[in-house]
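Peer 1: Residue numbering for the sequence shown is 82 to 133, as defined by this note's numbering. Even for Gly, the Cβ is constructed at its ideal location relative to N, Cα and C.
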Amino acid sequence: MSKDRDSEGPIFSGQDARQGEIILRTRARRIIFIAGLVGIVVLALVLSIAVR
82 MSKDRDSEGP
92 IFSGQDARQG
102 EIILRTRARR
112 IIFIAGLVGI
122 VVLALVLSIA
132 VR
């Protein structure tokens, strides 16, 4: 192997690299995820009102 190949980092096949999956196994993780989504919507609303 050459030095260039080692410095590129890990190599993943196309099958391994696509279609990510969100795993929300615990109730706490689900709450944090939904709160983050709600927070983004609230932030967008506040910013849209503040710009006017």
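One question on the structure: do L105 and R111 come within less than 7 Å of each other, judged by their Cβ atoms?
Peer 2: Within the sequence shown, numbered from 1, the residue matching residue 105 stands at position 24. Within the sequence shown, numbered from 1, the residue matching residue 111 stands at position 30. Yes, they are a contact pair.
Peer 1: What does the alpha-carbon distance come out to for the pair I121 and I92?
Peer 2: Counted from its first residue, the sequence shown places residue 121 at position 40. Counted from its first residue, the sequence shown places residue 92 at position 11. Rounded to the nearest angstrom, the two C-alpha atoms are 34 Å apart.
Peer 1: Please report how far the alpha carbon of V123 lies from the alpha carbon of S129, in whole angstroms.
Peer 2: For the purposes of this step, residue 123 is taken as residue 42 along the sequence shown, with counting starting at 1. For the purposes of this step, residue 129 is taken as residue 48 along the sequence shown, with counting starting at 1. For V123 and S129, the distance between alpha carbons rounds to 10 Å.
Peer 1: Helix, strand or coil: how does DSSP classify G120 here?
Peer 2: Here residue 120 is taken as the residue at index 39 of the sequence shown, counted from 1. Helix.
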